[in-house]
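Engineer:
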Amino acid sequence: MSSPMEHFAVDTDYQAFLSDIKQHYRSAQLKAVHAVNQQMIQFYWHLGKRILEKQAQAAWGGKFLEQLSQDLRADFPGTQGFSVRNLHYMRKFAALYPEIVQQPVAQLPWGHLVVLIEQGKDSAARDWYAANVVQNGISRNVLATQIEQDLYARQGKQAHKLTNFAERLPAPQSDLALQLFKDPYDFRFLPVTESAAEQEIEQSMVNHLRKLLLELGTGFAYMGNQYKLTVDGQDFFLDMLFYHVRLRCYFVIELKATELKPEHVGKLNFYLAVVNDVLRAPEDHPSIGLLLCRKKSKLVAEYALKRTDGPIGVADYRLLRELPQELQAILPPTEILESRLSPPSNDAAFSITE
């Protein structure tokens with residue numbers, strides 16, 4: 297005979313009740329953390345403003361912040377935020393933002409704000425990056441990467457983006473997809489030593505490619521490279537496959553080491569059709585394709601996209617920029633990179649037959 301406690305373990309109504317309570321508790325925890333963060337940011341801004349005012353009014357000299365840091369840390373020994381360096385950041389924070397009420401920066405964690413403060417961008421760029429963090433919930437490291445890659449300047453060139461998203465996707469999804477799309481993509485080289493082996497360089501390029509594609513924004517889940525699909529006994533390999541949790545759709549990425557050709561778009565459209573049939577769940581939106589070419593003709597891209605059923609964006613990429621002279625002799629050509637992305641993998645495979 298089971299005990300009353302064991303009964304609750306199999307009672308579906310109780311389990312649903314328990315799950316609901318847990319969800320509400322976690323939600324309350326997140327809201328509490330968010331509220332504490334906002335109060336701390338408000339305090340840091342207020343302290344920075346007071347420091348600016350006192351330094352303008354009083355002749356306390358250059359040791360003022362050192363003394364303030366020492367006194368605050370003595371009174372609040374468990375607090376990590378009162379270092380001299382942090383006080384300098386607070387001062388600059390207040391100088392950059394005379395007001396922060398109703399601004400995205402008021403919702404950012406302090407670490408993200410420090411990244412923005414350090415970068416020295418203009419106010420429009422800082423505001424754009426701050427809003428992007430709030431909207432997409434990106435990490436501090438991703439924010440730093442986006443700033444380093446000058447994502448603000450490249451994302452702003454909406455008119456030059458070659459896609460058929462507006463014609464193939466409903467308005468909310470097409471707008472978000474366009475926001476996540478960039479042109480061109482800068483595949484900058486990772487730091488390597490002069491004695492680096494060719495294979496090491498190639499692998500660095502592949503790894504960097506993945507990192508930069510994740511720079512598209514939060515919500516991207518990496519599903520794998522050389523993702524195998526089998527159609528009527530024939531194997532096909534997707535260069536990269538992602539899933540975007542906010543768009544609720546798959547992203548198929550194809551990399552071409554040559555200039556854009558119309559058949560590249562047709563091949564990617566075929567992949568999208570297969571992914572929609574094999575992988576796409578009933579609640580998912582249509583899959584989206586991204587074709588990265590060494591270079592492209594705007595007119596060729598427009599014609600290729602005009603009669604294409606699937607939503608596809610076409611962009612070119614800059615594989616290397618400012619490559620050190622000593623590395624040029626050992627750098628593999630672009631075709632090698634594509635071939636490195638092409639060998640069959642056993643990570644995942646799906647097939648369809650008649």
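Residue numbers (the numbering used here): 297 to 650. Idealized CB from N, CA, C, for every residue including glycine. Owing to the predicted nature of the structure, the values given are computational and were not obtained by experimental measurement.
1) Check the C-beta distance from LEU587 over to VAL561 and give it rounded, since I have them as a contact under 8 Å.
2) May I ask you to verify whether the stretch 432–447 touches the stretch 400–410, counting CB pairs closer than 8 Å and requiring at least 3?
3) Quick one: give me the first and last residue of the alpha helix (DSSP H) that GLY520 is part of.
4) Taking the C-alpha atoms as reference points, what is the distance between GLU384 and LYS592?
5) Please go through the stretch 386–417 and give each complete alpha helix (DSSP H) segment of 4 or more residues, from N-terminal end onward.
6) If ASP531 and ILE549 are in contact, beta carbons under 8 Å, what's the gap, nearest whole angstrom?
7) Considering only the beta carbon of each residue, do TRP424 and TYR393 sit closer than 8 Å?
8) Comparing alpha-carbon positions, which option in LEU404, GLY358, GLU395 lies nearest VAL332?
9) In terms of alpha-carbon separation, which member of GLN399, ASP446, ASP418, ALA420 lies closest to VAL430?
10) If you compare alpha carbons, which of TYR340, VAL596, LEU364, ASN382 is closest to GLU559?
11) Drop a sphere of 10 angstroms on the beta-carbon of PHE372, count the other beta-carbons inside from all chains shown, and report buried for 16 or more, exposed for fewer.
12) Report the partner residues of ASP531 according to the DSSP bridge assignment.
13) Tell me, please, whether the stretch 565–584 touches the stretch 520–527 by the rule of three or more beta-carbon pairs shorter than 8 Å.
14) Pop quiz: PHE538 and ALA517 are said to be a contact at Cβ under 8 Å. What is the actual Cβ separation, rounded to whole angstroms?
15) Give me the residue from LEU364, GLY515, THR375, ALA354 with the minimum Cα distance to ILE434.
16) Please tell me whether ALA390 and ILE337 are closer than 8 Å, where the distance is taken between their beta carbons.
17) Quick one: using the 10 Å Cβ neighbour count with 16 as the cut-off for buried, is HIS540 buried or exposed?
18) With C-beta atoms as the reference, is ARG387 less than 8 Å away from ILE443?
19) In chain order, what residues of the same chain lie with their CB nearer than 8 Å to the CB of VAL651, ignoring the 5 residues before and after it?
20) State the CB to CB distance for the pair SER583 and ARG576, rounded to an integer number of angstroms; the pair is presumed to be in contact (CB under 8 Å).
21) Please name the residue in LYS557, PHE547, PHE566, THR554 whose C-alpha comes closest to that of GLY585.
22) If you count every other CB in all the chains shown that lies within 10 Å of the CB of ILE608, and 16 or more means buried, which is it?
23) Could you tell me the boundaries of the beta strand (DSSP E) in which PHE547 lies?
24) Going by the beta-carbon positions, is the gap between LEU543 and HIS581 smaller than 8 Å?
Structural biologist: Reading from the atomic positions:
1) The Cβ separation is near 6 Å, so the contact holds.
2) Touching, yes.
3) Per DSSP, GLY520 belongs to no alpha helix (DSSP H); it is in the beta strand (DSSP E), 516–527.
4) Note that residue 384 corresponds to His in the displayed sequence, not to Glu. Distance between HIS384 and LYS592, taken at the CA atoms: about 47 Å.
5) Those alpha helix (DSSP H) runs which fall completely within the stretch 386–417 and span 4+ residues are 406–415.
6) 18 Å between Cβ atoms; not a contact.
7) In this structure, TYR393 does not lie closer than 8 Å to TRP424 by Cβ.
8) Looking from the CA of VAL332, the closest CA among LEU404, GLY358, GLU395 belongs to LEU404.
9) Out of GLN399, ASP446, ASP418, ALA420, GLN399 has the C-alpha closest to the C-alpha of VAL430.
10) For GLU559, the nearest C-alpha among the options comes from VAL596.
11) By the 10 Å Cβ count, PHE372 comes out exposed.
12) Per DSSP, the beta bridge partners of ASP531 are THR526.
13) Inter-segment contact for the stretch 565–584 and the stretch 520–527 is present: three or more beta-carbon pairs are separated by less than 8 Å.
14) For a cut-off of 8 Å, the C-beta gap from PHE538 to ALA517 is around 6 Å, short enough to register as a contact.
15) Among LEU364, GLY515, THR375, ALA354, the Cα nearest to that of ILE434 belongs to GLY515.
16) In this structure, ILE337 does not lie closer than 8 Å to ALA390 by Cβ.
17) Buried, by the Cβ-count rule.
18) Inclusion of ARG387 and ILE443 in the CB contact set at 8 Å is not warranted, their separation being larger than that value.
19) One cannot answer for residue 651 here, as it falls past the ends of the chain, which runs 297 to 650.
20) Yes, SER583 and ARG576 are in contact; Cβ-Cβ is about 6 Å, under 8 Å.
21) Taking only the C-alpha atoms, the option nearest GLY585 is PHE547.
22) Buried, by the Cβ-count rule.
23) Start and end: 545–551.
24) When the beta-carbon positions are compared, LEU543 and HIS581 come within less than 8 Å of each other.
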